[in-house]
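Using the working numbering, you'd call the opening residue of the sequence shown number 1267 and step up by one each time.
Scroll down for the structure; my scribbles are underneath it.
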Amino acid sequence: MEFDLNFYRGKRVLVTGHTGFKGSWLCLLLHRLGADVTGYSLAPTTNPALFEIAGIDKVCHSVIGDIRDFDHLKQTFEEACPEIVLHLAAQPIVRDSYKEPRYTYETNVMGTVNVLECLRQSASVRSFLNVTTDKVYLNREWPWGYREDEMLDGFDPYSNSKSCSELVTHSYKSSFFADGEIAISTARAGNVIGGGDFANDRIVPDCVRAAIAHQEIIVRNPHSTRPYQHVLEPLFAYLMICAKQFEDGKYAGWYNVGPDDQDCFKTGALVDTFVKHWGEGLSWTTPATSEGPHEANFLKLDCSKIKSIFGWSPRWNLDTAIDKVVEWSKCWQAGGDVNACMDKQIEDYLNTL
């Protein structure tokens, strides 16, 4: 099942977390589809930041605010009168959650409560999607993919707080939105990669930083397996879910959004692919000692539900996704037109649909 991309033309859409990596790509994609976009988020947390490089504030009404500030968030809802809300705002880094667990829970749990409270008091919203993570599941390190009905219980504060965000959404859906007037879903995405991600402690941004500095890439956990996908893959899935449940509430639910099995790569193999595409004699190594907090060794999603219900499937394999990362990164490194590069990549992706 595909959906008409013209659905978003003229729709009022609110995106929380719009200054982040995924949020910036999402706002650009929505703008291209003709949506009237409002974003609510903290100022960009990385330097450099895709939001600033790509001038995302020019394609949406950008509101800088804290998701924990309910009054400001509610004011933004009242002014924007959104029909569709995509909730991406979060503290998204596992290692940072060990350093600041309280802030992580405040942002990821109470931030979700605040958004849902705004929905509960809104007369305009008809479709809501809470974007969480593949890490919400109780990870038993088994070799098959987790399904949507598996137990939720992330290990670290980040993963656990996103599990809590899921449970909060489930509770609000049952308690306040059972009449179906607002369709409520969550999407649990795998590891997302793409041009313009400058976050710390993420393997692809680490690769890009090392490549630009002409240094060896340091890979902490080369044998850990993750579901990697280009950022446009889940973003299109999010928009599809929001559109279909807007039209018919029967599509509301909980969805895994990840790559096919062949793109669940070991980190070392992913870095090999990056090195191949970047060239320039780039290489990688592992640290002499592996220190740091707990990280899962094996994680994979079973995406049969979203494939069965919507006929959705990934379009770009990991090799293509890495090629797009390198294309964007080298364009930015050379002082090129990154907006034109992003527009081209969006066009390339939409042409596969």
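Quick reminder that beta carbons are idealized off the backbone N, C-alpha and C, glycines included.
Is the beta carbon of residue i less than 8 Å from the beta carbon of residue j?
i: R1406; j: D1568; result: no
i: E1482; j: T1435; result: no
i: T1285; j: A1315; result: yes
i: I1612; j: L1295; result: yes
i: H1507; j: T1539; result: According to the sequence provided, residue 1507 is Ile. The question's His does not apply to it. Contact: no.
i: A1356; j: T1373; result: yes
i: L1354; j: K1277; result: no
i: F1394; j: L1385; result: yes
i: D1445; j: Y1494; result: no
i: E1327; j: V1303; result: For clarity, residue 1327 is His in the given sequence; the question names Glu instead. Contact: yes.
i: I1575; j: Y1517; result: yes
i: P1580; j: D1526; result: yes
In three-state DSSP terms, what is residue i?
i: L1548; result: coil
i: H1327; result: strand
i: H1353; result: strand
i: T1285; result: coil
i: T1452; result: strand
i: F1564; result: strand
i: F1464; result: coil
i: R1486; result: coil
i: N1313; result: coil
i: L1280; result: strand
i: I1459; result: strand
i: S1290; result: helix
i: L1395; result: strand
i: L1536; result: helix
i: T1501; result: The sequence shown places Leu at residue 1501, not Thr. Here L1501 sits in helix by DSSP.
i: L1296; result: helix
Can you give me the start and stop residues for the alpha helix (DSSP H) that residue i sits inside?
i: P1493; result: Element bounds for P1493: not the alpha helix (DSSP H) but the beta strand (DSSP E), 1491 to 1496.
i: D1609; result: 1604 to 1616
i: V1434; result: 1423 to 1442
i: C1530; result: Careful: C1530 lies outside any alpha helix (DSSP H), inside the beta strand (DSSP E) at 1530 to 1532.
i: I1319; result: 1316 to 1319
i: N1380; result: 1377 to 1386
i: I1575; result: 1570 to 1576
i: V1591; result: 1584 to 1599
i: A1476; result: 1469 to 1478
i: C1368; result: Note that residue 1368 is Arg in the sequence shown here, rather than Cys. Start and end: 1367 to 1371.
Please list, in chain order, all residues of the same chain as residue i whose beta carbon is under 7 Å from its beta carbon, the five residues on each side excluded.
i: G1534; result: V1485, P1488, H1489
i: V1402; result: L1418, G1420, S1425, K1428, S1429, E1432, R1454
i: I1572; result: A1503, Y1521, N1522, V1523, W1578
i: F1273; result: A1509
i: T1282; result: Y1306, S1307, I1333, H1353, L1354, A1355, V1381
i: C1473; result: I1483, V1537, F1540
i: V1379; result: V1434
With residue i and residue j assumed to form a contact (beta carbons below 8 Å), what rounded beta-carbon distance in angstroms separates them?
i: V1497; j: I1459; result: 7 Å
i: I1330; j: A1346; result: Their Cβ separation, rounded to whole angstroms, is 14 Å, which puts I1330 and A1346 out of contact at 8 Å.
i: G1461; j: S1595; result: 6 Å
i: Q1599; j: I1448; result: Rounded, the Cβ-Cβ distance is 44 Å, inconsistent with contact.
i: T1452; j: T1398; result: 5 Å
i: F1531; j: T1586; result: That pair is no contact at about 13 Å.
i: D1422; j: Y1364; result: 7 Å
i: W1544; j: V1604; result: Contact flag wrong, Cβ pair sits at about 17 Å.
i: R1392; j: E1344; result: In fact, because the Cβ distance is near 16 Å, the residues do not count as touching under 8 Å.
i: L1299; j: L1280; result: Actually they do not touch by this definition, with Cβ atoms about 15 Å apart.
Ends of the beta strand (DSSP E) at residue i?
i: Y1517; result: Y1517 -> no beta strand (DSSP E), and no H or E assigned at all.
i: F1269; result: From DSSP, F1269 is part of no beta strand (DSSP E); its letter is neither H nor E.
i: G1305; result: 1302 to 1307
i: L1339; result: Per DSSP, L1339 belongs to no beta strand (DSSP E); it is in the alpha helix (DSSP H), 1336 to 1346.
With a CB to CB cut of under 6 Å and the five nearest residues on each side skipped, what residues in its chain are close to residue i?
i: L1622; result: Since the first and last residues shown for the chain are 1267 and 1619, residue 1622 lies out of range.
i: H1338; result: G1331
i: R1361; result: D1467
i: E1513; result: none
Can you find the residues in the same chain that come closer than 8 Å, C-beta to C-beta, to residue i, ignoring five residues on each side of it along the sequence?
i: I1359; result: Y1424, A1465, N1466, D1467, R1468
i: W1410; result: K1566, D1568
i: H1297; result: V1303, V1325, C1326
i: L1501; result: K1288, W1291, L1292, L1295
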